[in-house]
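These notes concern the structure reproduced below.
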Amino acid sequence: MDGLERWLADVFVELADTLTADFDLIEFLSTLSQCGAELLDGPHVGVMLSDARGRLRHIASSTEDMHLIELLEIQHDEGPCVDCFRSGAALLNQRLDTAMDRWPRFAPEARTAGFRVVSALPMRLRDDVIGAMNIFHVDSDPLEPLDVRLTQALADIATVGILQQRAISDRTELATQLQIALNHRIVIEQAKGMVSALLGTSVDDAFVLLRSYARSHNQQLVDVCELVLSRTLEARELRNAGRGPRPRARRAP
Amino acid sequence: MVGGGIDPGGAPPVGRGPDDDISMASLAHDCLALVPAEHLSITLMSSGRSEGASAASSDVGATMAEGELTLGEGPGHDAYASGIAVVVADVALEEERWPQYARTAEVAGVRAVYAFPLHIGAARLGVLTLYRGDAHELPGPELALALAVAEGLAQALVDLQSGSRNGSLVGAIEDGAELRSVVHQATGVLAAQLGCSVEEALVRLRSAAYAADRTLSEIAVEVVAGGLRIGEA
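Protein chains in written order, with my numbering: chain A, 389 to 641; chain B, 5 to 237.
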């Protein structure tokens with residue numbers, strides 16, 4: 389289980405990062421989504437959280453395709469994440485071709501986007517369900533029982549991360565935290581657009597450059613994005629310094 | 005849009021239909037109907053300077069906002085600078101934090117102050133500040149509602165500056181959460197192409213959508229794909 393060990397090591401390192409004061413919720417959840425996608429070998433993974441008015445909001449995903457499909461769920465107010473959030477129960481290995489009655493708008497569009505089998509796991513905070521983690525497969529392989537346990541652990545870790553941030557920023561409610569996180573998402577999207585236009589890359593490549601720069605300089609992704617948008621950091625600087633290794637300061641000597 | 009002083013608004017517009025003009029003052033009144041407060045002010049800022057237009061729902065709101073601008077301290081100031089909502093249940097207990105602001109509030113008969121940044125990503129438009137005459141901890145559902153109103157207000161303000169005639173507050177609150185990431189990416193693309201601020205790019209993108217009678221998403225997809233260039237004004 390070489391892959392599993394590597395995954396666990398990555399997740400532990402990410403979780404340890406939440407203990408630092410400059411923890412970024414979106415960065416953390418994006419990384420967890422990507423770790424999950426790697427571990428499960430193929431599917432797209434995304435996280436949706438409820439704002440305090442009970443509306444689901446997209447927070448993070450392993451790919452841009454997943455991001456779009458989650459927005460589709462929110463728009464149509466139907467889909468695995470919506471059902472999972474409302475019932476509080478895991479929804480496992482639902483085939484989209486047999487779910488046309490259940491999700492008449494979402495299922496056909498998700499199939500057109502290339503997805504075949506979907507699952508959603510609840511993110512629980514004591515008695516409340518605060519969101520759900522989506523796992524969408526482009527092939528027909530179901531989640532195995534071990535996959536389900538690992539993914540639920542992933543969803544629980546994500547919840548711990550959110551709680552951790554809440555504890556650090558005392559006196560601010562989860563609703564405020566979510567608002568900040570959602571605005572950070574917008575900052576990141578704006579910066580992706582700006583960098584892609586300035587460097588002539590795709591928005592996905594622009595994101596990779598921003599993220600690599602943030603990691604190699606030990607800065608938060610959203611801070612780097614703000615610097616680019618205010619023209620304090622020139623976009624071409626991202627190319628020069630994007631390939632450094634990520635510092636792992638807490639590793640024992 | 006008027007610059008300088010803060011318009012106390014006057015009487016709320018009665019029976020305003022969808023075809024009537026939306027102004028800062030009418031947005032202020034629309035906000036007040038939704039939030040748990042007696043007074044409010046909307047202060048527009050530009051790069052941290054309070055040179056933009058502002059509005060208030062009442063004289064108390066106008067007095068508090070003007071006081072804060074003059075003093076250079078207070079919850080709105082902090083919310084704008086940090087991008088984080090500042091909830092003050094009783095400003096009389098905050099004399100150490102904002103000594104002069106606390107005195108202004110006492111004179112105006114204000115106890116609770118809640119300030120919400122009007123930010124859309126890196127675009128910092130201003131601040132929405134709510135005032136109450138009693139000390140009041142803002143419970144979770146009320147805070148969530150006020151956050152949603154502030155989010156919608158930020159969108160409505162950009163609509164207003166873009167010359168849209170249909171940028172109602174309620175519509176903006178409903179739409180705000182659904183804005184696709186491509187719209188935000190297009191804002192960044194446009195700021196790069198025009199060499200302008202993110203704030204200005206937001207307005208220019210919407211103006212282009214209204215001028216072409218197309219949705220924001222449609223225009224944004226083309227801007228990001230490089231097929232549409234929105235020229236200098």
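By construction, the Cβ of each residue, glycine as well, lies at the ideal position given by its N, Cα and C atoms.
In the three-state DSSP reduction, Ile-124/B falls in the strand class (E or B).
Assignment of Val-114/B by DSSP, reduced to helix, strand and coil, places it in the coil class. When Cβ-Cβ separations below 9 Å define contact, Gln-608/A makes no contact with chain B. Taking a Cβ-Cβ threshold of 8 Å, the residues of chain B close to His-455/A are Ser-185, in chain order. What Ala-563/A touches in chain B, judged by beta-carbon distance under 8 Å, is Gly-144, Leu-147, Ala-148 and Leu-151, going in chain order. Contact annotation for Ile-124/B against chain A: Asn-571 and Ile-574 [CB-CB distance below 8 Å, chain order]. Taking the C-beta atoms as reference points, Gly-87/B is found nearer than 9 Å to Pro-121/B. Here the stretch 535 to 545 of chain A lies against the stretch 508 to 524 of chain A, with 3 or more beta-carbon pairs under 8 Å apart. For Glu-466/A, same chain residues with a beta-carbon under 7 Å away, outside a window of 5 residues either side, are Trp-491, Arg-493 and Phe-494 in chain order. As a beta-bridge residue in DSSP terms, Gly-130/B pairs with Leu-48/B and Leu-122/B. The DSSP-derived three-state label of Met-488/A is coil.
A direct Cα-Cα distance of roughly 33 Å separates Ser-62/B from Ile-574/A.
About 6 Å separates the beta carbon of Thr-47/B from that of Gly-80/B, a gap short enough to meet the 8 Å contact definition.
Under the DSSP assignment, Phe-416/A falls in the alpha helix (DSSP H) whose first and last residues are 413 to 427.
Close partners of Met-436/A in chain B (Cβ separation under 9 Å) are lacking, with about 12 Å as the shortest Cβ gap.
The C-beta distance from Leu-157/B to Cys-35/B rounds to 6 Å, short enough to meet the 8 Å contact threshold. Non-local beta-carbon contacts of Glu-222/B in its own chain, meaning distances under 8 Å to residues more than five positions away in sequence, involve Ala-213 in chain order. A residue is called buried once 16 or more other Cβ atoms fall within 10 Å of its Cβ, and Gly-434/A is buried on that count.
In the three-state DSSP reduction, Ile-462/A falls in the helix class (H, G or I). A straight line joining the alpha-carbon of Leu-164/B with that of Ala-196/B spans about 23 Å.
Restricting attention to Gly-144/B, Ser-45/B, Ser-27/B and Ser-201/B, the CA atom closest to the CA of Thr-564/A is found in Gly-144/B. With contacts defined as CB atoms closer than 9 Å, Val-506/A and Asp-527/A fail to qualify as a contacting pair. The beta carbon of Val-583/A sits closer than 9 Å to some beta carbon of chain B.
Nearest to Ala-37/B by alpha-carbon distance, out of Glu-226/B, Gly-113/B, Val-187/B and Leu-149/B, is Leu-149/B.
Taking a beta-carbon distance threshold of 9 Å, Ala-520/A does not count as an interface residue toward chain B. In the DSSP assignment, Ser-30/B falls outside any beta strand (DSSP E) and lies within the alpha helix (DSSP H) extending over 28 to 36.
By the Cβ-count criterion, Phe-524/A is buried, with 16 or more other Cβ atoms from all chains shown falling within 10 Å of its own Cβ. Contacts with chain A (Cβ-Cβ distance below 7 Å) from the stretch 187 to 201 of chain B involve His-188, Gln-189, Ala-190, Thr-191, Gly-192, Val-193, Ala-195, Ala-196 and Gln-197, listed in chain order.
For Val-131/B, none of the residues of chain A pass the 7 Å Cβ criterion, the least Cβ distance being about 14 Å.
Straight through space, the alpha carbons of Ala-448/A and Leu-509/A are spaced by roughly 15 Å. Counting along the chain, Ser-449/A sits inside the beta strand (DSSP E) bounded by residues 444 to 449.
Annotation: Arg-504/A is outside any alpha helix (DSSP H) and is labelled neither H nor E by DSSP. Look at Asp-516/A here: in three-state DSSP terms it is strand. Sequence-distant Cβ neighbours of Ala-152/B in its own chain, meaning closer than 7 Å and more than five residues away, are Ile-177. One Cα belongs to Val-399/A, the other to Val-591/A, and the distance between them is close to 26 Å.
Within chain A, the residues placing a beta-carbon under 8 Å from that of Gly-87/B are Ile-568 and Asn-571, ordered along the chain.
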